[in-house]
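S.K.: For what it's worth, my numbering labels the leading residue of the sequence shown as 6, then goes sequentially. The beta carbon of each residue, even a glycine, is placed where N, CA and C say it ideally should be. The structure displayed is predicted, hence computed values, not measured ones.
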Amino acid sequence: MTNSSSPNLELFLQQQNIPEQLKELLMQVAKSCDSISQAVNRGALDNILGSAGSGNIQGETQQKLDILSNDILLDDNVSSGLLAGMASEEMDTIYPIPNDMPKGKYLLLFDPLDGSSNIDVNVSIGTIFSILETTQSDSVTEQDFLKPGNMQVAAGYALYGPQTILTLTTGSGVHMFTLDPNNRQFILTRSNVLIPEDTKEFAINMSNLRHWDTPVKRYIDECIAGKEGPRNKDFNMRWIASMVADVHRVLTRGGIFMYPWDKRDPNKPGKLRLLYEANPMSFLVEQAGGLSINGPESISTIQPNHLHERVSVILGSKNEVALVQEYHLQK
Ligand code: AHG
Ligand code: MN
Ligand code: MN
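(1) With Pro-3 as the anchor, note down where its beta strand (DSSP E) starts and where it stops.
(2) In whole angstroms, give me the CA-to-CA distance for Val-128 and Asn-197.
(3) If you draw a straight line from the C-alpha of Gln-148 to the C-alpha of Thr-98, how long is it?
(4) For Glu-282 and Ala-230, I'd like the C-alpha separation in whole angstroms.
(5) Can you give me the Cβ contacts of Asp-251 inside the same chain, cut-off strictly under 6 Å, excluding the 5 residues immediately before and after it?
(6) Identify, in the order they occur along the chain, each residue of the same chain with its Cβ nearer than 7 Å to the Cβ of Gly-48, setting aside the five sequence neighbours on each side.
(7) Are the CB atoms of Lys-205 and Asp-239 within a distance shorter than 8 Å?
(8) Flag this pair as yes or no: are the beta carbons of Gly-86 and Val-145 separated by less than 8 Å?
(9) Between the alpha carbons of Pro-101 and Glu-95, how many angstroms are there, rounded?
(10) Flag this pair as touching only if the region 298 to 313 and the region 184 to 196 have three or more C-beta atom pairs under 8 Å; answer yes or no.
(11) Find the nearest neighbour of Ala-160 within the set Gln-168, Gly-166, Gly-178 and Asp-143, judged by alpha-carbon distance.
(12) Tell me which same chain residues have a C-beta within less than 7 Å of the C-beta of Val-83, skipping the five on either side of it?
(13) Determine, using beta carbons only, whether Ile-72 and Ala-57 come nearer to each other than 8 Å.
(14) Give every residue of the same chain whose Cβ lies closer than 6 Å to the Cβ of Lys-28, excluding the five residues on either side of it in the sequence, and list them in chain order.
(15) Confirm, please, whether the CB-CB distance from Met-248 to Leu-277 is below 8 Å.
(16) Quick one, which of Thr-132, Gln-43 and Lys-36 has its alpha-carbon nearest Leu-114's?
(17) Can you name, in chain order, every residue of its own chain whose Cβ lies under 6 Å from the Cβ of Leu-14, other than the five neighbours on each side?
(18) I'd like the span of the alpha helix (DSSP H) that includes Tyr-332, first residue to last.
(19) Per DSSP, what are the beta-bridge partners of Arg-315 in this structure?
(20) Can you list, in chain order, the residues of its chain whose CB lies under 7 Å from that of Gly-166, leaving out five sequence neighbours each side?
(21) Is there a C-beta anywhere in chain B that falls below 8 Å from the one on Pro-274?
(22) Can you name, in chain order, every residue of its own chain whose Cβ lies under 7 Å from the Cβ of Ile-62, other than the five neighbours on each side?
(23) With 16 other CB atoms within 10 Å as the buried threshold, where does Gln-4 fall?
(24) Specify, as a first and last residue, the run of the beta strand (DSSP E) that Gln-67 falls within.
(25) Taking the beta strand (DSSP E) that Gln-190 belongs to, which residues open and close that run?
(26) Going by other Cβ atoms of all chains shown within 10 Å of its Cβ, with 16 needed for buried, is Ile-20 buried or exposed?
(27) Taking just the CA atoms, how far does Gly-300 sit from Met-6?
(28) Under DSSP, the alpha helix (DSSP H) around Ile-41 begins and ends at which residues?
As structure tokens, then:
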């Protein structure tokens, strides 16, 4: 049953104490996510599943939907007059708004389609976005995008699952909106989300166990030891392999999500991208009372050095993440 008293995204934003232009931008991003959601829903009917036959700058094979989603976000936002530039996991360099277009003061960064390995198997995927502000509207450079996570003015994701859900923060809590497919409105269905401080659920790709560093191995070993081990409780494991879906579960019922640095490629700080994945998700998790670290330190204060920088990510229920941090600091 639809709750008719719940506001849609537009009404909700009207009540927020944020600049009008930021409200407009968030409406525009939500519209792009709706379009991506419609493409995702059609899948093979529109011949948009499978590989695009190309690779991105990070050496990953691009799926057709990675490129389509990227194009939707670019096309929808280029002429809004709200942005100085965009950056994406799927583009080699930043995309400054061309000089013949109106410009604004915001920077939009995105992972257009997160969970690419799940596209063809009809498992939840999503779009992750981060919004920064700049004073360089006319001549934006990569440097303007290299801001720590605590400088974000808004962040969120759209999850394309059994329902399409938009989750958002502008620094005043975390709010979730469900897309009503009948009228294409995002309706507020959960506000002021809080992550339980304790959990019995962890998410990590266990196939990498032999490559982990000691603190991560110690933490997971202790979880697996269950009631008989030092934690005195049994844990459960979930790994969807779409960060957006795993983080949505953590925000919804608690848990700890980890994609840590490992020894496979020691010079690679992690798999996930700081600007398009780790920063926006960390903003959401912290706004929901959780923690997000790279091991020893908080992700939100890391100064990025490169656009496509990667980082180790451990986030979720406060007490569990704090324990993993303690293990890293004891190392
Ligand atoms: P993307 O599809 O944007 O490249 O991101 C995939 C990421 C993330 O969503 C997920 O948590 C992780 O990669 C899954 O990695 P494994 O395949 O190693 O489990
Ligand atoms: Mn991703
Ligand atoms: Mn992606």
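M.R.: A quick look at the data gives this:
(1) The requested residue 3 is not part of the displayed model; the chain covers only 6 to 336.
(2) Their backbone Cα atoms lie some 27 Å apart in a straight line.
(3) Roughly 12 Å between the two C-alpha positions.
(4) Counting only the Cα atoms, Ala-230 lies some 31 Å from Glu-282.
(5) Hits under 6 Å: Ala-208, Ile-245 and Phe-262.
(6) Once the five neighbours on either side are set aside, the close Cβ partners of Gly-48 are Leu-54.
(7) Yes, the pair counts as a contact, with Cβ atoms nearer than the cut-off.
(8) In terms of Cβ geometry, Gly-86 and Val-145 do not form a close pair [threshold 8 Å].
(9) Each residue's alpha carbon lies about 15 Å from the other.
(10) Flag = no, the region 298 to 313 and the region 184 to 196 do not touch.
(11) Nearest option by C-alpha distance: Gly-178.
(12) So the list reads Ile-102 and Met-106, once near-sequence residues are dropped.
(13) Yes.
(14) Excluding its 5 nearest sequence neighbours in each direction, Lys-28 has C-beta neighbours in its own chain below 6 Å: Leu-18, listed in chain order.
(15) Yes, the Cβ-Cβ distance between Leu-277 and Met-248 is below 8 Å.
(16) Here the closest residue by C-alpha is Thr-132.
(17) Take Leu-14, set aside five residues on each side of it, and the residues of its chain with a beta-carbon closer than 6 Å to its own are Ala-35, Phe-182 and Phe-191, in chain order.
(18) Segment 323 to 335, the alpha helix (DSSP H) holding Tyr-332.
(19) Residue pairing by DSSP puts Arg-315 in a beta bridge opposite Arg-278.
(20) Only residues of its own chain outside the window of five on either side were considered, and among them Ser-129 and Ala-250 have a CB closer than 7 Å to the CB of Gly-166, listed in chain order.
(21) The displayed structure is made up of one protein chain only, and chain B is not part of it.
(22) Around Ile-62: Asp-97 and His-313.
(23) Summary: the structure shown does not reach residue 4, with the chain confined to residues 6 through 336, and so no result is reported for it.
(24) Annotation for Gln-67: the continuous beta strand (DSSP E) segment containing it runs 66 to 68.
(25) Segment 190 to 195, the beta strand (DSSP E) holding Gln-190.
(26) According to the sequence provided, residue 20 is Gln. The question's Ile does not apply to it. Exposed: under 16 other Cβ atoms inside 10 Å.
(27) Low confidence applies to Met-6: its pLDDT is 47, below 50, so where it sits in the model is not reliable enough to give any reading.
(28) In the DSSP assignment, Ile-41 falls within the alpha helix (DSSP H) that extends over 25 to 47.
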